[in-house]
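First up is the structure itself, then whatever we jot down about it.
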């Protein structure tokens, strides 16, 4: 029942996005613009700043993710549909998981475009260890979505939600970003520093677990007025 | 777990939002078959009472009991027996009428056959595939009512259910409310419209400044009674 509810919410968000394509297009455009602007600043005469690619990739993911979070929960504010979801006889944690998975899917789609673009513009060896890169991106994206979805849901009825979301989200996700960037740097070394990369992935998974447990535990009380 | 009940009771319930007292020491009960009208001016606490009964708002003090149990004890199973039509309609404008009902139907594990029946009752068979964003307020209101009733709730909470409806639709909704009560539902209806409430509600709870001023059987002359107890109507 838990999984069924989460997948129902995910499928509903997907159906809305297929019709409007609003969040996907704006998030993608924003992420790509971000990378392009950074490439103009950090690539001089065809030579990129050392390790800049890792930082820029994760900054683009975080900024695009914040935009996606805001818009996704704005949809639930219009018509107060989040209240309707909370009133359903399903686990409220499952509703949270469904919304969070939607953010993960959206960010993974963005990353499918972002990673090759960053690799190309910054001449980065991002594809030197593809399996580890996928693991690192998934672990980092999951952690960001776990924290972000909780805060975005919490702020959905706050008038200052657009200001408050980054204020709450960015400090909390700094450890995730550090692990993501350091892991990506390890993957782009020549030769690839597999030991460090695996260590950062494991660290990210540990943080994901802690954040997920806290989010599942606090979602229901936080959403009840 | 089933969580059916035949009465709902608020016992000395207060709800404060910061320093604002939305509801103060309110006690009220309703039984199966009742249509209770929550009447009062703006800010009287009607929507907060609806939120408390819907378990979306927790009391600062006091208790809401469903049958003999509290909302906390009954948990998610209780929500299967609650239906809420709020002022905001709880519909996704990007989805069609059918998609909206199907989504909520699946959340409540409602048999698929009820979706088409609900669309028919809402008078939206012809527009079932159209996005809700293209509907008039009245069409949305009818769809939202059917969404709230899709799972055959025991406690039906209606916050201004007649907003945006024409005379014919008002009459259809009023008949639907009577039918629900006749079938054993507890209906709690918050409205400003005394004319529409009269003849529909069986009991009246008059609220002012978050306090229950009177609770009595609804009789004719509701407007005069309201004016006497609450103030100008």
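Residue numbers (the numbering used here), protein chains in the order written: chain A, 21 to 245; chain B, 50 to 282. For every residue, glycine included, the Cβ atom is placed at its ideal position computed from N, Cα and C.
Looking at the backbone, the Cα of residue 155(B) and that of residue 28(A) are separated by about 8 Å. Rounded to the nearest whole angstrom, the CA to CA distance from residue 130(B) to residue 186(A) is 38 Å.
Put simply, the segment 73-91 of chain A does not touch the segment 128-147 of chain B. Fewer than three CB pairs are less than 8 Å apart. Inter-residue distance for residue 62(B) and residue 76(B) is about 6 Å (C-alpha atoms, whole angstroms).
Residue 167(A) counts as buried, since at least 16 other C-beta atoms from the protein chains shown sit within 10 angstroms of its C-beta. Check the Cα spacing between residue 258(B) and each of 96(B), 52(B), 79(B) and 244(B): the tightest is with 96(B). Annotated three-state conformation of residue 155(B) is helix, per DSSP. Secondary-structure assignment with DSSP links residue 100(B) through no beta bridge to anything. Along the length of the segment 163-219 of chain B, whole beta strand (DSSP E) runs at least 3 residues long occupy 204-208, reported in chain order. Three or more Cβ pairs drawn from the segment 245-256 of chain B and the segment 222-229 of chain B lie within less than 8 Å of each other, which places the two stretches in contact.
No Cβ of chain B is located within less than 7 Å of the beta carbon of residue 123(A). Contact of residue 137(B) with chain A by beta-carbon distance below 7 Å involves 99 and 100.
Residues of chain B with a Cβ closer than 8 Å to the Cβ of residue 106(A) are, in chain order, 105. Scanning chain B for C-beta atoms nearer than 7 Å to the C-beta of residue 35(A) yields 144 and 148, reported in chain order. Under DSSP, residue 61(A) takes part in no beta bridge, so it has no partner. Rounded to whole angstroms, the Cβ separation of residue 169(A) and residue 119(A) is 5 Å, and the two are in contact under 8 Å. For residue 218(B) and residue 147(B), the gap between their C-alpha atoms comes out near 20 Å. Any Cβ of chain A closer than 7 Å to the Cβ of residue 225(B) would place that residue at the interface, and such an atom is absent. With contact defined as three or more Cβ pairs closer than 8 Å, the segment 44-62 of chain A and the segment 109-118 of chain A are not in contact. Around the CB of residue 116(A), 16 or more other CB atoms lie within 10 Å, so the residue is classed as buried.
Sequence-distant Cβ neighbours of residue 213(A) in its own chain, meaning closer than 6 Å and more than five residues away, are 206. What residue 157(B) touches in chain A, judged by beta-carbon distance under 9 Å, is 108, 109 and 110, going in chain order. Contact of residue 32(A) with chain B by beta-carbon distance below 7 Å involves 152. For residue 161(B), the three-state secondary structure derived from DSSP is coil.
Within a 10 Å sphere around the beta-carbon of residue 143(A) sit fewer than 16 other beta-carbons, which makes this residue exposed. Annotated as proximal: residue 209(B) and residue 136(B), with beta-carbon spacing under 7 Å. In the three-state scheme derived from DSSP, where H, G and I count as helix and E and B as strand, residue 111(B) is classed as strand.
Following the DSSP letters along the chain, one finds residue 77(B) inside the beta strand (DSSP E) bounded by residues 69-80.
Counting only Cβ-Cβ distances below 8 Å, residue 39(A) has contacts in chain B at 143, 144 and 180, in chain order.
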